[in-house]
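The structure under discussion appears below in the form of structure tokens.
In our numbering, the protein residues as written are 626 to 716.
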């Protein structure tokens with residue numbers, strides 16, 4: 626069974642700048658930027674009352690979300706849901 630929306634990830638050029646815009650607009654808490662070299666990204670989370678927004682930016686040209694890896698994409702998004710039961714959710 627699907628639960629609440631855990632977070633939405635949005636790929637951007639500048640994660641800290643994007644997070645500040647949302648933080649000011651919604652009065653949200655903003656995390657520190659965290660480099661994740663094993664994933665090739667830098668992440669910044671914006672915590673809202675009922676979910677989180679994860680802004681991710683490329684960490685170097687080898688990043689899977691760099692402009693050279695995704696030249697046609699302006700941004701990439703993904704949504705993560707919480708499950709109360711994987712077995713029930715997948716039938």
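Virtual Cβ for every residue (Gly too), placed ideally from N, Cα, C.
Closest Cα partner of residue i within the set the options
i, options, result
"residue 672", "637, 652 and 684", "652"
"residue 642", "674, 691, 667 and 630", "667"
"residue 631", "691, 681 and 676", "676"
Neighbour-count burial assignment, residue i, 16 or more Cβ in a 10 Å radius
i, result
"residue 697", "Here the model assigns residue 697 a pLDDT of 46, short of 50, so the residue's position is not dependable and the matter cannot be decided."
"residue 646", "exposed"
"residue 649", "exposed"
"residue 679", "buried"
"residue 636", "buried"
Inter-residue spacing [alpha-carbon to alpha-carbon] between residue i and residue j
i, j, result
"residue 684", "residue 644", "17 Å"
"residue 640", "residue 669", "6 Å"
"residue 688", "residue 634", "16 Å"
"residue 691", "residue 674", "31 Å"
"residue 659", "residue 686", "17 Å"
Simplified DSSP state of residue i, which is helix, strand or coil
i, result
"residue 641", "helix"
"residue 667", "strand"
"residue 694", "At residue 694, the pLDDT of 49 sits below 50, so the modelled position is not reliable; the number obtained from the coordinates is stated separately. Residue 694: coil per DSSP, three-state reduction."
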